[in-house]
DNA sequence: GCCAGTTCATAAGGTTCA
DNA sequence: TGAACCTTATGAACTGGC
Ligand SMILES: [Zn+2]
Ligand SMILES: [Zn+2]
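Protein chains in written order, with full-length UniProt numbering: chain A, 1 to 388; chain B, 1 to 388.
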């Protein structure tokens with residue numbers, strides 16, 4: 001009869017309780033509950049000693065037909081007896097000693113894995129020169145710098161932009177006429193320029209430079225950053241649909257359809273590649289601003305003095321690029337930092353190419369001469385303000 | 001109709017009284033009160049035999065509509081009948097035998113846990129601790145505690161002992177005959193036991209414990225302290241020479257000559273090592289009384305319940321041992337405190353060894369069976385007194 | 001993937017105490 | 001008597017060595 005029950009068992013039924021078997025446990029196909037039951041109780045021989053009232057009851061534990069889930073599981077003594085009777089093997093349940101040994105093995109494996117993982121991480125993050133631990137990446141003054149830049153952008157650039165936009169539209173809330181459109185094609189780039197300028201002017205790192213250097217950066221590096229700044233501003237401030245349409249048509253008017261198409265595609269690309277982080281793009285703008293060679297296409301006017309000592313600029317840029325990098329590593333890890341930084345560079349280069357052609361267009365198209373002149377004057381004006 | 005009631009039951013209503021069910025109890029979903037009721041009364045078949053006035057009353061126990069909380073619970077007989085009628089299963093209430101087995105399991109688990117806890121505590125407590133300055137050692141409430149214990153010992157333990165001794169000898173002032181000697185060998189340990197018991201019973205710290213804990217301490221920790229208490233009593237009360245001789249011969253009769261010799265040597269040692277101080281020994285007795293593991297040699301009777309929550313006992317002991325230590329440091333200084341405390345421990349351990357052998361002798365020698373039985377009954381009696 | 005073990009939430013017994 | 005609590009047993013879900 002046992003044999004018969006085993007035959008049945010091998011088909012996938014629990015040898016003990018007739019439920020669906022999950023596999024062979026302790027020698028016999030059983031269900032999960034019976035497996036757990038036997039593991040817990042196989043060595044508790046006192047359970048067998050209990051003479052329970054089911055021995056002589058309506059079913060025998062040896063009678064296959066009387067076995068059912070509820071029947072067998074009701075009495076742990078009967079259940080254990082049946083486990084043994086169908087041939088479950090006590091010796092397959094680990095003894096305490098065996099189990100301790102097994103757990104030691106598991107623990108040592110865990111430790112090895114952990115050590116390996118750490119080593120790999122170190123290998124990945126290992127810079128040729130130095131590899132600071134995570135806590136050393138950014139100290140208190142770094143965080144201060146970061147938060148200063150972030151809030152300076154908010155309170156100067158973004159605020160200025162919003163204020164000026166409000167004033168611009170205040171003048172013309174009704175359907176825009178042709179005159180407004182013409183004005184707006186100057187006002188829009190103006191607003192972006194002025195807001196960016198006021199941001200830089202608020203930075204202590206800029207203010208601590210010599211006048212010459214300040215003027216130089218202002219004249220050469222604000223224009224190449226207008227695209228990026230526009231992008232960032234659009235990410236930050238909510239824009240009504242009609243405003244958006246107005247902006248689009250303005251850009252079309254300035255750029256012409258072909259360039260506008262490239263402009264849009266770069267904008268789309270930026271949206272895909274640049275992640276939403278309050279620090280990264282702003283810090284990136286600052287880093288780019290402190291470049292000594294950012295421009296050279298827009299304006300070849302001779303009146304601009306090239307500073308003798310650009311060293312402070314480079315040093316500042318160096319400091320900020322380190323800060324940006326450390327922030328990226330700290331916040332996103334080594335691999336992501338590389339990816340994010342690459343994307344920043346890629347996006348900027350694309351923007352630069354489109355921006356350069358926009359600059360050419362501004363300088364050469366007669367209908368844009370006014371806008372171009374005003375923007376130039378703006379930066380010259382800024383220059384005078386700097387001197388104040 | 002039963003089926004209907006079961007259908008309703010499965011939704012979460014008590015099958016017996018229609019209150020909210022807490023789960024399946026004894027086979028049927030019931031509320032907590034009905035669960036408790038059935039456990040208590042399932043085996044009390046005499047309840048069913050009571051012909052109660054509700055059988056023929058305004059509702060039938062089989063009529064689902066008439067069932068309500070107040071209805072069913074009003075009459076125990078009806079309630080039990082209804083329990084059975086909705087299918088509650090008597091066999092799911094543990095039999096006495098099953099319950100004893102279960103309680104043994106619980107107790108052994110508890111002991112394992114207790115031992116584990118102690119081991120851990122020892123491991124943890126081997127850390128250096130903060131040393132308070134002398135003035136911080138004992139505050140007003142500490143002194144109040146100390147004086148309470150000292151005077152409680154005087155007015156309860158010592159006084160009771162003196163009173164009982166007076167009564168004992170009042171009966172027999174003349175030369176003791178054999179019958180008196182036999183009686184006295186029970187009366188002497190009895191007096192020591194009862195006086196100690198009345199001391200503990202007077203302590204607020206004891207009275208504030210749960211009954212279970214009080215009973216537990218009384219049954220397990222009074223006997224191990226009899227030797228120490230006898231010593232303290234002998235130090236305190238004047239004893240006539242003939243009384244002393246009487247006591248000695250009584251102890252010889254009980255202990256036998258070998259054990260008596262060891263008993264005397266421990267007594268002598270105690271006199272040398274323990275200093276005369278009204279506080280120390282009494283406080284030490286209290287500290288020892290609040291032990292959770294003092295006994296285990298005297299009485300292996302199974303009828304004693306091991307308390308679930310020993311925490312209050314431990315906390316009290318902790319408080320008193322701190323009090324004792326602070327008193328020692330305050331009164332005798334650091335170094336002396338260590339010496340005195342060590343002596344207390346040494347003396348107690350010696351007494352424990354002798355006491356344990358006395359206990360064995362009491363349990364095994366047939367001529368001491370009566371004394372042993374009376375002492376046991378005394379502590380059981382105490383237990384009943386506790387419950388008052 | 002198999003088959004040991006571990007963990008955790010839950011069910012259902014019992015006990016305590018006001 | 002019943003609310004609050006303590007315990008054990010159970011099985012589903014998961015981990016880890018081989
Ligand atoms: Zn099964
Ligand atoms: Zn109920």
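Quick reminder that beta carbons are idealized off the backbone N, C-alpha and C, glycines included.
Which residues in the same chain as residue 316 of chain A place their Cβ atom closer than 6 Å to its Cβ, once the five residues preceding and following it in sequence are excluded? 205, 290
Quick one: what's got a C-beta closer than 6 Å to residue 337 of chain A's C-beta in the same chain, skipping five residues either side? Excluding five sequence positions before and after residue 337 of chain A, the CB atoms of its chain that fall closer than 6 Å to its own CB belong to 328, 329, given in chain order.
Where the beta strand (DSSP E) containing residue 28 of chain A begins and where it ends: 28-30
With a threshold of 16 other CB atoms inside 10 Å of the CB of residue 307 of chain B, please say whether the residue is buried or exposed. buried
How would you label residue 23 of chain B, buried or exposed, when you count the other beta carbons within 10 angstroms and need 16 or more for buried? The residue is exposed, with fewer than 16 neighbouring Cβ atoms inside 10 Å.
Straight-line Cα distance separating residue 49 of chain B from residue 372 of chain B: 44 Å
Taking one C-beta from the segment 255-266 of chain B and one from the segment 214-226 of chain B each time, how about it: are there three or more such pairs within less than 8 Å? no
Whole-Å CB distance - residue 320 of chain A paired with residue 286 of chain A, under 8 Å assumed: 5 Å
Hey, residue 72 of chain B and residue 82 of chain B: beta-carbon distance below 8 Å or not? yes
Secondary structure at residue 23 of chain A, three-state DSSP: helix, strand or coil? strand
Output the residues surrounding ligand 1, defined as those with a CB atom closer than 6 Å to any ligand heavy atom, in chain order. Answer in sequence order: A:14, A:16, A:17, A:19, A:30, A:31, A:33, A:34.
Going along the chain, which unbroken runs of the alpha helix (DSSP H) with 4 or more residues stay wholly within the segment 264-295 of chain A? Runs of the alpha helix (DSSP H) inside the segment 264-295 of chain A: 280-289.
Stretch-stretch touch, CB-based, cutoff 8 Å, three pairs: the segment 150-168 of chain B with the segment 190-197 of chain B: Yes, they touch.
Does residue 186 of chain B come out as helix, strand or coil in the three-state DSSP assignment? helix
Nearest residue (CA-CA) to residue 15 of chain A, options A:87, A:39, A:47, A:75: A:87
Are residue 273 of chain B and residue 346 of chain B close, meaning C-beta to C-beta below 8 Å? yes
Going by beta-carbon coordinates alone, are residue 190 of chain A and residue 374 of chain A separated by less than 8 Å? yes
Only counting runs of 4 or more residues, tell me where the alpha helix (DSSP H) segments fall wholly within the segment 191-241 of chain B, in order along the chain. 204-207, 211-221, 226-236
Roughly how many whole angstroms lie between the Cα atoms of residue 226 of chain B and residue 180 of chain B? 22 Å
Am I right that residue 114 of chain A and residue 43 of chain A are in contact with their C-beta atoms under 8 Å? What's the rounded C-beta distance? No, residue 114 of chain A and residue 43 of chain A are not in contact; Cβ-Cβ is about 33 Å, not under 8 Å.
Per DSSP, what are the beta-bridge partners of residue 13 of chain B in this structure? B:20
Helix, strand or coil for residue 48 of chain A, going by three-state DSSP, please let me know. helix
Residue 38 of chain B and residue 26 of chain B closer than 8 Å at C-beta: yes
Excluding sequence positions up to five away, which residues of its chain have a Cβ less than 7 Å from the Cβ of residue 110 of chain B? 306, listed in sequence order.
In whole angstroms, what separates the C-alpha of residue 203 of chain B from that of residue 368 of chain B? Near 32 Å, if we compare the C-alpha coordinates of residue 368 of chain B and residue 203 of chain B.
When the Cα atoms are used, what is the spatial distance from residue 401 of chain A to residue 370 of chain A? The question about residue 401 of chain A has no answer here: the residues shown for chain A are numbered 1 through 388.
Proximity of residue 163 of chain B and residue 323 of chain B at Cβ, strictly below 8 Å: no
Contact check, residue 33 of chain A vs residue 21 of chain A, beta carbons under 8 Å: The Cβ atoms of residue 33 of chain A and residue 21 of chain A do not sit closer than 8 Å to each other.
Sequence-distant residues of its chain with Cβ nearer than 8 Å to residue 283 of chain B (five each side left out): Same-chain partners within the cutoff: 146, 149, 320, 323, 324, 327.
Whole angstroms are fine: how far does the CA of residue 118 of chain A sit from the CA of residue 377 of chain A? 57 Å
Distance, residue 239 of chain A Cα to residue 178 of chain A Cα: 22 Å
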